[in-house]
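Numbering (my numbering), first residue to last: 6 to 574.
Down below is the structure, laid out as structure tokens.
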């Protein structure tokens, strides 16, 4: 333990603690910009400068370790002037048109400038040119980059991808795609974790709100909107709604008020996914000599893209079941269109997702099977919040409404899809029923829940042992695959989510700078699951009706054509 004083207040901290964290232990705020807990402490921005007694120069609090007897002063005139000067220098190379920035009002640099009373800048503004493909799911604006290196650190240390890098030297130094390449020339999974950890608007998702607004305004279009499970755990954050108002019913009402003709729940398609993927798992376990194990889930497009790019030889082990988003789109433009006498070409299918990679997924040619593009546009949770604000909808005053039927019916098993371990648990609930003919307790598979990066479990289902694993975060996925390839780990079924925490921590969720909210959002989904009258996918009456009237049965030739995909590398 180390004893020191900060602003003449004594504090005892563990060895290796930085001044920044020691100050926070006392409730003393030291501003920072580039620092990211457990990920990045490169001290690039020099915004957290403090004065240490007996030291001639100012020190960065984020990477200066506390020493016995140290006396630190955080708000001396010298420190305040240095911080202010450093922020002004950063602003001189930053596009300060905040009113037109997607992060306006939620930007760390903007807040720092306001807190430091910077109302003018003595330094000449020099902005780098921008050269970026506006069609990509991830957009980078060079003139908004503050060279904090957070994107580099998150992509390398958490996701294990190393897409971003520090390019050039001296005054020409900048952040960009590794090797100076274009983003679509490297193995980017489009997970969007770099976006959620960028303190400014230098990184964002491609904005598709105008595309959706145009469809809503087109009298010939029937706008069908689906909303993913994880969105309900976070959509209120961007609108400053308290949890008691950010309900499923109010969310459905808000999207309908925004102009959607039909508002459906992707939970319906999540239940459908479980029926298809669960049946596929049981078939492949029964015919194990024909298939290489483990079978990997395929509902996360960031993970699917990662596997195709990094481990193409393992692509045949992906489940052929489409993601809930794509199953929903395919069913909407076939069965729903037919039963409601709507020409499929007039349907505009919108997905509200916690995910940036979903924008990529819906454009993959082989994923579309309805004869049209199954999903026309994907909005992230952040985008749909902006859409609601653009429409001047007072969400808090809306009465709650139900999702439309029949594609609005979902079970508790579908809700937990949004949390790491949720797909596995939902699949095991239904697999147990398919094998034994009876339902398990809905919580008997809770062993796969939680934020542990890599979870393993074995379950006895009707005398057959299913070896399961759940992993989230692409860096952890690499470790699991390496263990499988070395023969150190053997599984039958593996759930993979690209984003830490699963979809609740997705790259399209509301941003809280420097904080991870996945662990706070996941319990919201499990609470909804617990209250649902139906908690098993195979008991969803609308899904069962779809099979009876259209698809025949899980993995039938018809359902395989519509709900499955042969993954191409």
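Built from N, CA and C at the ideal position, the CB exists for glycine as well.
One or two residues paired with residue i in a DSSP bridge
i: residue 403; result: Residue 403 pairs with nothing; no bridge assigned.
i: residue 172; result: 179
i: residue 319; result: The partner list for residue 319 (beta bridge, DSSP) is empty, contrary to what the question assumes.
i: residue 482; result: For residue 482, which the question treats as bridged, DSSP gives no partner whatsoever.
i: residue 64; result: 55
i: residue 570; result: DSSP, once it has assigned bridges, lists no residue as partnering residue 570.
i: residue 309; result: Beta-bridge pairing links residue 309 to no other residue.
i: residue 231; result: 269, 356
i: residue 459; result: 476
i: residue 17; result: 8
i: residue 469; result: 466
i: residue 78; result: 56
i: residue 300; result: 498
The alpha helix (DSSP H) enclosing residue i, as first and last residue numbers
i: residue 221; result: 214-222
i: residue 255; result: 253-262
i: residue 90; result: 82-96
i: residue 424; result: No alpha helix (DSSP H) contains residue 424, which DSSP labels as neither H nor E.
Simplified DSSP state of residue i, which is helix, strand or coil
i: residue 453; result: helix
i: residue 340; result: helix
i: residue 244; result: helix
i: residue 41; result: strand
i: residue 502; result: strand
i: residue 194; result: coil
i: residue 226; result: coil
i: residue 329; result: helix
i: residue 364; result: helix
i: residue 347; result: coil
i: residue 398; result: coil
i: residue 200; result: helix
i: residue 372; result: helix
i: residue 70; result: strand
i: residue 23; result: strand
i: residue 49; result: coil
i: residue 35; result: coil
i: residue 437; result: helix
i: residue 250; result: coil
i: residue 412; result: coil
i: residue 295; result: helix
i: residue 282; result: helix
Boundaries of the beta strand (DSSP E) in which residue i is found, first to last residue
i: residue 384; result: 382-385
i: residue 354; result: 352-358
i: residue 209; result: 208-210
C-beta contact flag for residue i and residue j at 7 Å
i: residue 79; j: residue 55; result: yes
i: residue 160; j: residue 199; result: yes
i: residue 425; j: residue 513; result: no
i: residue 326; j: residue 295; result: no
i: residue 142; j: residue 380; result: no
i: residue 351; j: residue 225; result: yes
i: residue 329; j: residue 368; result: no
i: residue 406; j: residue 264; result: no
i: residue 474; j: residue 499; result: yes
i: residue 52; j: residue 41; result: no
i: residue 251; j: residue 515; result: no
i: residue 524; j: residue 456; result: yes
i: residue 576; j: residue 408; result: With the chain covering only 6 through 574, there is no way to say anything about residue 576.
i: residue 356; j: residue 336; result: no
i: residue 150; j: residue 49; result: no
7 Å Cβ cutoff, residue i in contact with chain C
i: residue 364; result: Among the protein chains of the structure shown there is no chain C, as only one such chain exists.
- [ ] Identify every run of the alpha helix (DSSP H) within the stretch 505-558, keeping only runs that are complete inside it and at least 4 residues long; order them along the chain.
- [x] 523-536, 546-551
Open item on the list: List, from N- to C-terminal side, the alpha helix (DSSP H) runs of 4 residues or more that fit wholly inside the stretch 99-175.
Closed with: 113-120, 155-158
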